[in-house]
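Contents: one structure, followed by commentary.
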Amino acid sequence: MIDTNVVSENRIVLLDALRGFALFGIFLINIASFTIGGPPGFVESDNYFDNVVTAFLLIFVESKFFTLFSFLFGIGFSIQLLSAKNKNKSFLPQFSRRLAVLFIFGWAHIFFLWDGDILLLYSMVGAILLFFRNSSEKKLIQWVIGLLIIPIIIVTIALITISILRTVPELGMKIKLAETAFINEFKNAQEQTIESFLNSSYLTLAKERFLGYLGLFPLLLSRVPSVLAMFLLGYLVGKKRYLYNIDKNKKQLLKISKWCLAVGIPLNIFIIVMFKILPPLSSVIILFYNQYLTGPMLSLGFASLFILLFNHKYISKILKYFIYTGRLSLSNYIFQSIVYSFLFYNYGLGLYGKLNTWQAVIIAIFIYVVMIYISKWWLSYYRMGLLEWLWRTVTKLEFQTITRKNKESVIKMDQ
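See below:
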């Protein structure tokens, strides 16, 4: 059985496993967007099974694993802050360099590979996180609640307001015309995207990704409150050292898992059903509940359940494999985009918009399993991935040893 309290090379094994688990969800949701030329759920398929798989992704994956990654980023922040204090090193310059490298990685990822990047957003919100490094636990809790509750209130007011405006004949007609224009524009954009990805040159695609990301940037800012909230919650959990003694906190974890899943799953099913049956404008707005309410709720529920099962005598033998991909999470995240771009763009196999969603999900699972074994092999010889090495070297301003002297930490993962 894995000892989750073992800290190997200043890393908590459980956190690596959780990162690997979060990465698996991101693998699934990212590949789905390549099958239909748009975000999952916004385009209906003629294949019934495809729609079932898409609904599953929207309920159990979309905004859950991205949110879990945000939570883990906050825990990592707390560990790095504590490490700097213990070594009497200045934390601010070191973490600022860490964010700067992440910022560069993000833009490079967008330009060269894919515009569904999360690294750039993390680097910017991470800069805001720095202002909370000396905050009290009470203040952190207040900010977490506020950052999630206020957007939920705004979304609710927006839905009610639009519903009322629809009852006014003149305004209702204007809203309907705007929705029709939106649908037509979305379909045209979808067709242009597929056409571009299958026929444009690599440099043209890179330019379109860059400009497209800039165009969507205001919409991406809507993610800032939820990302910052999960950063702060992760920082609080790390600060309280909850994950250093799982047995002590088992009852709390069980309670969190039970309530978050029991409430979150039915609520999220309701949100997705409403998304399908409401008029276009209202359906887009209601999805923000997924981002600010059920996303955080279910990500915490999944994480708590994962932690409990990770300590199970038999189930842990399966879940331990997430450790390998989690330890190389940055390299695997970028490698995922390299593989997907080869599969779907015209300079590769050109499968963009040609696969069913269920087929793409099977491919994603296969790729992830392959990455587990590649990561395991890599870690038997090296302490970290190439991108992790570069990130850490620049962050600490000293050359990091990448080769492994022995297989001790890998052996611990296999026990």
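Numbered per the working numbering, the sequence shown spans residues 2 to 416.
Cβ coordinates follow ideal geometry from the N, Cα and C atoms, glycine included.
Just so you know, the alpha carbons of Ile335 and Asp248 end up roughly 35 Å apart. Residue state for Ile375 is assigned as helix, using DSSP reduced to three classes.
Only residues of its own chain outside the window of five on either side were considered, and among them Tyr325, Thr326, Leu329 have a CB closer than 6 Å to the CB of Ser376, listed in chain order. Looking at the backbone, the Cα of Leu220 and that of Tyr214 are separated by about 10 Å. In the DSSP assignment, Tyr383 forms a beta bridge with Thr404. Going by C-alpha positions, Pro281 is about 22 Å away from Phe61. Three or more beta-carbon pairs separated by less than 8 Å link the segment 203–213 to the segment 108–122, which places the two stretches in contact.
By the C-beta criterion, the segment 223–240 is judged to be in contact with the segment 144–155, since at least 3 inter-stretch pairs fall below 8 Å. In this structure Asn200 is exposed. Its beta-carbon is surrounded by fewer than 16 other beta-carbon atoms within 10 angstroms. The beta carbon of Asn269 sits closer than 7 Å to the beta carbons of Ile60, Asn291, Thr295, Leu299 from its chain, once the five residues preceding and following it are set aside; these are given in chain order. For Glu138, the uninterrupted alpha helix (DSSP H) segment begins and ends at 138–167.
Thr358 is not a Cβ neighbour of Ala56, given a cutoff of 7 Å. DSSP places Ile247 outside both helix and strand once states are collapsed to three, so it counts as coil.
DSSP, read as helix, strand or coil, puts Ile76 in helix. Look at the beta carbons and you see the segment 307–324 touching the segment 13–24: at least three pairs across the two are nearer than 8 Å. Ile158 has its alpha-carbon roughly 26 Å from the corresponding atom of Leu233.
Residue state for Ile364 is assigned as helix, using DSSP reduced to three classes.
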